[in-house]
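Under full-length UniProt numbering, think of the first position of the sequence shown as 1, with each following residue one higher.
Please read the structure below before turning to the comments.
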Amino acid sequence: MAGRKSYKGKPRKASQHKNDAETFERKHQILLYLDQHSMEDTIDHFYPNASVHKKGNKRRNVERWRGMRETIEACAKNSRSRRLTRARSTGCATTLSKAAEEKIVAWINNLRKDGVPVSSQMLKLKGFEIVEESGVVGFTASWSWRRGFMDRNKLSIRMRTRQGQVTNEEGEAIKKAFAERILARMQQENVKKLDNADQTAVVFEYLPKTTIDRRGVKTVWLRCGGKDKERLTAMLLGDMDGNKYPVFTVVKAKHSTVPATQQQNDKFRNGFGKRLWSEIGSIMGETDLQIYGNPTAWWNEDLSLAFLNFHFGERTENDEPVMLLWDDMSAHWTAKVTAYAASKRVILEKVPPKFTFCCQPADVAWNKPLKDRLRARWIDHLRVCMREKGKMVAPRRDQVLDWLDGAWKELSQETIANGFAKCGMLSPSTNTATTEPAVSDAPSVLADEELVQALRGCRAFDGVVAVRDTIDCRDEAIDCRDEDDGADEDDDCFVEQAMMAFAHDASMPSDDEADDSDSSDEGDGVDDGVDNCVYV
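What follows is the structure, given as structure tokens:
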């Protein structure tokens, strides 16, 4: 028998339902029936199997409900109270007064203004502090009170989207000053091309922090493929025109115990041994990746020099200067790196420390859609493993590298340029890029570039100027609730209808096309070479 063990040796007695309470919805139905029938007919209709004594009790209940008709009708019309059996007005329970709750709301707002996380446990402790001041007896700050408190004051448990030590206002001020300095120096140095390079970690397994499971389970277990801590480093590079460049990737590779052999590996095989180099070389031939190896899979001075040499090595002193933004990592700013960049007419600019979340185009607009696509590929891999092998299998290194190459290529030109626009590093005339839609696990609709260009002038795209934050965390904190979550549903419907109409028109050939349909089969109306956008 499921449930708590009986210490008396006897099972729990089954409920006989002798005193069933009626819901407000049921009471309202009984009163409506009573308006058209007698009391005896009403009792016989709703309680046909009741005894004579029981029917007498039900008759007295119905008479009492008559006097409460206004309350019953009001509760029956409310979707939140129609299934309740009794109504409790606000303040009748052992709870805090409205003035006391306003103090807690002010306390939460002050903490959230400074970015301090407020958890449900902190709310409970604050409630106890207020109780000591107000003198309320028996207040327990239960889960139901905390839920009701947040509902009454338009608060909710929110996910963290950014973690740092600076406020959003400070970030906006630094972003504006940094963008003005970059634009001024570009004009001063006659720079017409602005690049941004940023390194980000790519993990082998994207295990979620939550899962669907049975209620009441004490231990929620997540199986992994054994590589949940395995990662590699990817250095992304894009420019203000939306161009993407091959990704520099660093994976883990053991050093040879023979120094001379390791020197040969670093010089001719990107840090890999002879056996592993054959596999890495084939991957580099099949993809656009530049793959290097070291024991930590972390960036260093030698990789910075190799990165600059690969992308800017053919430049001469007669070429126009270009500007490269990257963060303040020590390996980016050694004497050798800065000297080599200067010899290739590459002006290095340091992104302000602690403000990369708003001043670096990659953090603003590239990393989030890239990680979404990597996570979608891992989910597809997981589904295939469970279907074919019945267990989780960690992806191989060549698979993860292939995912990275494909995900980077899928990012549209507008997404890359939009990072610079969001950081204020493009002039208003060129700041027309749209945001990259997030990847969803649900079936998606693909639209080619012609459709996107046609819809860009419509009202559905008028308000698309923001970029989703790049941080994907699951920590809980109390914050203000979004009240206009469905404000853009009409625009989404408009885009979907326009796309369906476009697809229908494209599938109907004109008279001239019908005559020439047998003589030409060069295309089907979809340009496979154009970056597709995903609309969910």
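From the three backbone atoms N, C-alpha and C, an ideal C-beta is built for every residue, glycine too.
Is the beta carbon of Leu222 sitting closer than 9 Å to the one on Met323?
Mapped onto the sequence shown, residue 222 falls at position 222. Mapped onto the sequence shown, residue 323 falls at position 323. For Leu222 and Met323, no; Cβs fall outside 9 Å.
Pull up the distance between the alpha-carbon of Val251 and that of Ala234, whole angstroms please.
By one-based count along the sequence shown, residue 251 stands at place 251. By one-based count along the sequence shown, residue 234 stands at place 234. Each residue's Cα considered, the two are about 9 Å apart.
To the nearest angstrom, report how far apart Asn265 and Trp333 are at their CA atoms.
For this step, residue 265 is matched to residue 265 along the sequence shown. For this step, residue 333 is matched to residue 333 along the sequence shown. Roughly 25 Å separates the two Cα atoms.
Tell me, please, which residues DSSP counts as bridged to Thr200.
Taking the sequence shown and counting its residues from 1, the one referred to as residue 200 is at position 200. Beta-bridge pairing links Thr200 to Ala234.
Report the start-end ranges of each alpha helix (DSSP H) in the stretch 203 to 277 that is 4 residues or longer and not cut off at the edges.
DSSP runs (the alpha helix (DSSP H)) wholly in the stretch 203 to 277: 259 to 268.
Is the CB-CB distance between Arg146 and Gly127 below 9 Å?
Taking the first residue of the sequence shown as position 1, residue 146 is located at position 146. Taking the first residue of the sequence shown as position 1, residue 127 is located at position 127. It is a contact, given that the beta carbons lie within the stated cut-off.
Using three-state DSSP, classify Leu125 as helix, strand or coil.
For this step, residue 125 is matched to residue 125 along the sequence shown. Correct three-state label for Leu125: helix.
State yes or no: is the C-beta of Arg345 within less than 9 Å of the C-beta of Glu301?
On the sequence shown, position 345 is the one that residue 345 refers to. On the sequence shown, position 301 is the one that residue 301 refers to. No.
Can you list, in chain order, the residues of its chain with a C-beta nearer than 7 Å to that of Arg269? Leave out the 5 residues immediately preceding and following it.
Here residue 269 refers to the residue found at position 269 when the sequence shown is read from its first residue. Cβ within range, chain order: Trp277.
Specify the secondary structure class of Gly135 as computed by DSSP and reduced to three states.
By 1-based counting over the sequence shown, the position of residue 135 is 135. DSSP places Gly135 in coil when its eight states are reduced to three.
Exposed or buried, Pro208, counting other C-beta atoms within 10 Å across all chains shown (16 or more means buried)?
Locating residue 208 in the sequence shown gives position 208, where the first residue counts as 1. Pro208 should be labelled exposed.
So within the stretch 332 to 372, which uninterrupted beta strand (DSSP E) runs reach at least 3 residues, ignoring any that extend past its ends?
Here the runs fully enclosed are 346 to 350.
Within the continuous beta strand (DSSP E) that includes Arg152, where are the two ends?
Locating residue 152 in the sequence shown gives position 152, where the first residue counts as 1. Premise fails: Arg152 lies in the alpha helix (DSSP H), 143 to 152, not in any beta strand (DSSP E).
Do Ile347 and Arg181 have their CB atoms nearer than 9 Å?
Counting from one through the sequence shown, the residue named residue 347 turns up at place 347. Counting from one through the sequence shown, the residue named residue 181 turns up at place 181. Their beta carbons are not under 9 Å apart, which means Ile347 does not touch Arg181 by this criterion.
With C-beta atoms as the reference, is Phe272 less than 9 Å away from Gly285?
As a first step, residue 272 is located in the sequence shown; it is residue number 272 there, counting from the start. As a first step, residue 285 is located in the sequence shown; it is residue number 285 there, counting from the start. No, Cβ-Cβ distance for Phe272 and Gly285 is not below 9 Å.
Quickly, what does DSSP pair residue 545 with across the bridge? List them, please.
Nothing in the structure corresponds to residue 545, since the chain is present only between 1 and 536.
What number of angstroms, rounded off, separates the C-alpha of Lys10 from the C-alpha of Glu40?
Counting from 1 along the sequence shown, the entry for residue 10 is found at position 10. Counting from 1 along the sequence shown, the entry for residue 40 is found at position 40. Approximately 43 Å between the Cα atoms of the pair.
Determine which residues share a DSSP beta bridge with Leu183 and list them.
As a working note, residue 183 is residue 183 in the sequence shown. Bridge partners of Leu183: none, in fact.
Is it true that the CB of Leu237 sits closer than 9 Å to the CB of Ala179?
To locate residue 179, count along the sequence shown from 1; it is residue 179. To locate residue 237, count along the sequence shown from 1; it is residue 237. Result no, Cβ atoms of Ala179 and Leu237 do not sit closer than 9 Å.
According to DSSP, simplified to helix, strand and coil, what is Met329?
If you number the sequence shown from 1, residue 329 lands on position 329. Here Met329 sits in coil by DSSP.
DSSP puts Leu111 in a beta bridge; with which residues?
Numbered from 1 along the sequence shown, position 111 holds the residue referred to as residue 111. Leu111 is not bridged to any residue.
Confirm, please, whether the CB-CB distance from Thr415 to Ala376 is below 9 Å.
Residue mapping note: residue 376 aligns to position 376 of the sequence shown, counting from 1. Residue mapping note: residue 415 aligns to position 415 of the sequence shown, counting from 1. No, they are not a contact pair.
The alpha helix (DSSP H) with Lys54 in it runs from where to where?
Here the question's residue 54 lines up with position 54 in the sequence shown. It spans 52 to 67 - the alpha helix (DSSP H) in which Lys54 sits, taken as one unbroken run.
To which residues does DSSP link Val384 through a beta bridge?
As a working note, residue 384 is residue 384 in the sequence shown. DSSP output for Val384 lists no bridge partner at all.
Are the stretch 401 to 416 and the stretch 354 to 372 touching by the rule of at least three beta carbon pairs closer than 8 Å?
Cβ pair count under 8 Å is three or more, so yes.
Could you pull out every residue in the same chain whose Cβ sits closer than 7 Å to the Cβ of Phe149, ignoring the five residues on either side in sequence?
Here residue 149 refers to the residue found at position 149 of the sequence shown. Excluding residues within five positions, the ones whose Cβ falls inside 7 Å are Glu101.
On the three-state DSSP scale, how would you describe Leu426?
As a working mapping, residue 426 is identified with position 426 in the sequence shown. Of the three classes helix, strand and coil, the one that applies to Leu426 here is coil, per DSSP.
Is it right to say Asp43 is buried, meaning 16 or more other beta carbons lie within 10 angstroms of its own, or is it exposed?
Here residue 43 is taken as the residue at index 43 of the sequence shown, counted from 1. Position check: residue 43 holds Ile in this sequence, whereas Asp was assumed. Its Cβ being crowded by 16 or more others within 10 Å, Ile43 is buried.
Rounded to a whole number of angstroms, what is the C-alpha to C-alpha distance between residue 537 and His381?
A question about residue 537 goes unanswered here, because the residues of the chain that appear run from 1 up to 536.
So, at 7 Å on beta carbons, what are the nonlocal neighbours of Met425 in its own chain, with the 5 sequence-adjacent residues on each side left out?
Counting from 1 along the sequence shown, the entry for residue 425 is found at position 425. The answer, listed in chain order, is Ala179, Ile182, Leu183, Leu194, Met240.
Assuming Ala394 and Lys227 form a contact by the criterion Cβ under 8 Å, report the distance between their Cβ atoms to the nearest whole angstrom.
As a position in the sequence shown, residue 394 is number 394, starting the count at 1. As a position in the sequence shown, residue 227 is number 227, starting the count at 1. Between Lys227 and Ala394 the Cβ distance is about 4 Å, and since that is below 8 Å, they are a contact.
Helix, strand or coil for residue 540? Go by DSSP, reduced to three states.
This structure cannot speak to residue 540, because the chain is shown only from 1 to 536.
Let me know if Pro48 comes out buried or exposed under the rule of 16 or more other beta-carbons within 10 Å of its beta-carbon.
The residue given as residue 48 occupies position 48 in the sequence shown. Label assigned to Pro48: exposed.
Report the option in Pro353, Leu305, Ser304 whose CA atom is closest to the CA atom of Asp327.
Here residue 327 refers to the residue found at position 327 when the sequence shown is read from its first residue. Ranking Pro353, Leu305, Ser304 by Cα distance to Asp327 puts Pro353 first.
Whose C-alpha, out of Thr296, Tyr245, Lys98, Gln263, is nearest the C-alpha of Leu308?
Counting from 1 along the sequence shown, the entry for residue 308 is found at position 308. Of Thr296, Tyr245, Lys98, Gln263, the residue nearest in Cα terms is Tyr245.
Where DSSP assigns a beta bridge to Asp195, which residues make up the other side?
In the sequence shown, the residue the question calls residue 195 occupies position 195. According to DSSP, Asp195 bridges with Asp239, Leu324.
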